[in-house]
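Chains as they are written, first to last, in our numbering: chain A, 6 to 404; chain E, 15 to 420. Cβ coordinates follow ideal geometry from the N, Cα and C atoms, glycine included. First the structure, in the form of structure tokens, and then the observations on it.
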């Protein structure tokens, strides 16, 4: 029969530490919420709208005004009237006053009336590719509509009836459906990746200090001398962080769905299972780091610097298909990569256990390895420090 | 020994004082350098992280563009007309047809599993309907889970469908007895030309790699500068320094000089590799880039020093510094634009030096902005440095006063 009391005593001791150290308390309970709120605010609009657009109409004819009104009526653009010359457009694009431009040549209507080919130039700022790719897409949408209207008007001019025009133009219609994220929302795309990174970093950082703190306070000796099995020390120390992490996981999911309008669908059981496995990996990995790290400062420094590389190589934004195999292999060793991908498949695509079996299997293996390692490393660590322990006891005894 | 008059003696003493002051400053700087070198963790971080970060990100973004997006076509018609659609899709640089599933369910499975991003379904009797002028519908499905894929795929599909729609429309009109030149004119009298300015190949590596590496660099700088004050008054040697009668201002000035010098030395290889080896664009030239980076470095150091002054120990100083440094890249609007963030939040984002830096880097690398435009950025960063250093000094002084009173 396992004596749970010892584990609970150690857990209680750890909870007291958390509550006594205000900064640690804030890291464990407030930082995840704070960061999620911050990123939520940043991405709350979800889609890129009202792209500032400069229209250079060099023709000033009824035909060119039709082009202008097509863009004025487009929801994704906001025409900036002050930018109306080519020089102004160049300057506006340089200083960021506009992010896109349309140039209608001065002989536009003349060429149309003379049945000659004319050209409309569209430009977009690709120094920021979020603007670049989205604006390109918006241009295509507006120009497809405008083009269709122009064709319809031309055919009307040839004496065709409305029905005939519709028959010709709709001979083949391409019906485009964007699945899983039809509004092209960056919140759905990106936000939960950041939230999982917050949980990853806070989870590791909080438990990552649990042993280093004891070492710095010279209280680790008490654990070394206590007649408590090593695995109980790990479980006792990990328990408060495990509960806090799981609480944060639930809280951030609720906030994301409720206030940031993130799409979180799919099976609740699967979401909980992923969270559970991720949490087990984090607490055991964090404990191992803490056991081996020389001090709290180094743990804090190294862990914090890992955020950006882990996020970038995970394939969460830049697709894994376009990342070299070596780096992909490296990313596959990181729990964040599996959790972020699994969470997206479960919540955005709404896939079930059968599609996520590989992810769950890998995360289970990771959880098992890290947990076993945390327990066995603890034993090894105790053995390694046995000499140091006896030396310390001698010193204390002499004093 | 020659006798000195009053002025000569004063000059002599002044010279001696200058020599002592200089040698003292040199000693402080030497000491700081040796402390930084002895801190193995910090040394590794400063020497390795920014450059390693750059190389890692270069590797990740080595494909540079998301093209050849995997596409599957369900051709239920298998006619020459449907082949024309397939050819149109194949000709798109952004799409790569990799599979021909037999039915819609199979295609849906491929999209669910993430094996294809774009799916096209050409219905039965497509060729017949087109020839007879009957309406027919081609379904295009795009997996919107990853926006980098989705936006690119959507643009590619819109371009292909416009071209295909025009080709079919022209044929239909000709079949109905319209003159070929009129049919062409109906669909192709206006050409739409697009130009991507500043980054014409829409290269993600140009856009993100240097910025990510600089993000790592600024985090390393923050870690170091956070130790500026607490690294001294948080350890016992502080009492020795106080007892020696050395000016606090001089001590921190010399320490800061070393930090800022090291930060600049750290960023130079990053710039060398980025612009010299990997040939990333740098439109504004080196002098302005280096000046701008130098002023930012001072500003960032001042912020780190402020964090150091308000912290009780080195771990907390690191935490406070990183609380700002970690999300600063996202807040800066370098990727998700500032204009899309809530109105009330935008002025807050500009409080951070990182926002000015990353926005400025974008202008310098892509947009060839000169001194006139960048001077505002440099001035604000300089002003921030003055404010943050002053706040740090005031806070440290007030704590010291309180301590004395206590």
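Length of the line joining the Cα atoms of residue i and residue j
i: residue 177 of chain E; j: residue 204 of chain E; result: 12 Å
i: residue 64 of chain E; j: residue 311 of chain A; result: 12 Å
i: residue 173 of chain E; j: residue 128 of chain A; result: 16 Å
i: residue 292 of chain E; j: residue 282 of chain E; result: 14 Å
i: residue 338 of chain A; j: residue 318 of chain A; result: 11 Å
i: residue 87 of chain A; j: residue 101 of chain A; result: 13 Å
i: residue 75 of chain A; j: residue 157 of chain A; result: 15 Å
i: residue 53 of chain A; j: residue 41 of chain A; result: 20 Å
i: residue 165 of chain E; j: residue 139 of chain A; result: 6 Å
i: residue 265 of chain A; j: residue 258 of chain A; result: 10 Å
i: residue 134 of chain E; j: residue 152 of chain E; result: 7 Å
i: residue 332 of chain A; j: residue 72 of chain E; result: 11 Å
i: residue 89 of chain E; j: residue 306 of chain A; result: 56 Å
i: residue 107 of chain A; j: residue 183 of chain E; result: 26 Å
i: residue 130 of chain A; j: residue 204 of chain A; result: 35 Å
i: residue 385 of chain E; j: residue 306 of chain E; result: 10 Å
i: residue 282 of chain A; j: residue 379 of chain A; result: 15 Å
i: residue 362 of chain A; j: residue 342 of chain E; result: 37 Å
i: residue 58 of chain E; j: residue 199 of chain A; result: 27 Å
i: residue 215 of chain E; j: residue 170 of chain E; result: 15 Å
i: residue 140 of chain E; j: residue 96 of chain E; result: 7 Å
i: residue 207 of chain E; j: residue 126 of chain A; result: 5 Å
i: residue 183 of chain A; j: residue 213 of chain E; result: 27 Å
i: residue 11 of chain A; j: residue 238 of chain E; result: 41 Å
i: residue 82 of chain E; j: residue 108 of chain E; result: 5 Å
Interface flag, residue i vs chain A, CB-CB below 9 Å
i: residue 350 of chain E; result: yes
i: residue 306 of chain E; result: no
i: residue 469 of chain E; result: Outside the shown range of chain E (15 to 420) lies residue 469 of chain E, about which nothing can therefore be said.
i: residue 400 of chain E; result: no
i: residue 409 of chain E; result: no
i: residue 226 of chain E; result: yes
i: residue 59 of chain E; result: yes
i: residue 214 of chain E; result: yes
i: residue 23 of chain E; result: no
Other residues of its chain near residue i: CB distance less than 8 Å, five sequence neighbours each side excluded
i: residue 68 of chain A; result: 113, 114, 117
i: residue 324 of chain A; result: none
i: residue 209 of chain A; result: 287, 290, 291, 294, 308
i: residue 311 of chain E; result: 235, 274, 277, 278, 281
i: residue 168 of chain E; result: 156
i: residue 276 of chain A; result: 258, 269, 348, 351, 352
Cut-off 6 Å between Cβ atoms - residues of its own chain near residue i, not counting five sequence neighbours on either side
i: residue 240 of chain E; result: 318, 321, 322, 331, 332, 335
i: residue 288 of chain E; result: 224, 294
i: residue 379 of chain E; result: 295, 296
i: residue 55 of chain A; result: 83
Same chain only: Cβ atoms within 7 Å of residue i, ignoring 5 sequence neighbours per side
i: residue 110 of chain A; result: 63, 64, 123, 124
i: residue 262 of chain A; result: 269
i: residue 8 of chain E; result: In the structure displayed, chain E extends from 15 to 420; residue 8 of chain E sits before or after that span and is not available.
i: residue 141 of chain A; result: 129
i: residue 226 of chain E; result: 67, 71
Below-9 Å beta-carbon distance, residue i vs any chain E residue
i: residue 111 of chain A; result: no
i: residue 13 of chain A; result: no
i: residue 225 of chain A; result: no
i: residue 115 of chain A; result: no
i: residue 78 of chain A; result: no
i: residue 205 of chain A; result: no
i: residue 60 of chain A; result: no
i: residue 364 of chain A; result: no
i: residue 8 of chain A; result: no
i: residue 260 of chain A; result: no
Test: residue i CB closer than 9 Å to a CB of chain C
i: residue 148 of chain E; result: Any reference to chain C falls outside this structure, whose protein chains are A and E.
Checklist entry - Counting Cβ pairs closer than 8 Å, one from the stretch 265 to 273 of chain A and one from the stretch 349 to 366 of chain A, do we hit at least three? => result Contact holds: three or more Cβ-Cβ distances are below 8 Å.
Item to check | Uninterrupted alpha helix (DSSP H) stretches inside the stretch 131 to 163 of chain E (no shorter than 4 residues) | outcome: Whole alpha helix (DSSP H) segments, 4+ residues: 140 to 146.
Next on the checklist: If we require 4 or more residues per run, which alpha helix (DSSP H) segments fall completely within the stretch 102 to 184 of chain A?
Outcome noted: Qualifying alpha helix (DSSP H) stretches, in chain order: 113 to 118, 134 to 162, 167 to 174.
Checklist entry - Are there three or more Cβ pairs, one per stretch, closer than 8 Å when the stretch 264 to 276 of chain E is compared with the stretch 363 to 377 of chain E? => result Contact between the stretch 264 to 276 of chain E and the stretch 363 to 377 of chain E is absent, because fewer than three Cβ pairs lie under 8 Å.
Checklist entry - What are the complete alpha helix (DSSP H) segments, minimum 4 residues, inside the stretch 326 to 409 of chain E? => result Runs of the alpha helix (DSSP H) lying entirely within the stretch 326 to 409 of chain E, each at least 4 residues long, are 328 to 345, 359 to 363, 367 to 380 in chain order.
Checklist entry - Along the chain, which unbroken stretches of the alpha helix (DSSP H) at least 4 residues long are found entirely within the stretch 230 to 288 of chain A? => result If we require 4 residues or more, the alpha helix (DSSP H) runs fully inside the stretch 230 to 288 of chain A come out as 235 to 263.
Item to check | Secondary structure, alpha helix (DSSP H): runs of 4+ residues fully inside the stretch 15 to 69 of chain A | outcome: If we require 4 residues or more, the alpha helix (DSSP H) runs fully inside the stretch 15 to 69 of chain A come out as 27 to 30, 36 to 48.
Item to check | Touching by the beta-carbon criterion (3+ pairs, under 8 Å), the stretch 22 to 35 of chain A and the stretch 230 to 242 of chain A | outcome: As far as the Cβ criterion goes, the stretch 22 to 35 of chain A does not touch the stretch 230 to 242 of chain A, which means the pair count is below three.
Item to check | Segments of 3+ residues assigned as beta strand (DSSP E) that fall wholly inside the stretch 40 to 121 of chain E | outcome: Note on the stretch 40 to 121 of chain E: whole beta strand (DSSP E) runs with a minimum of 3 residues are 83 to 89, 109 to 113, in chain order.
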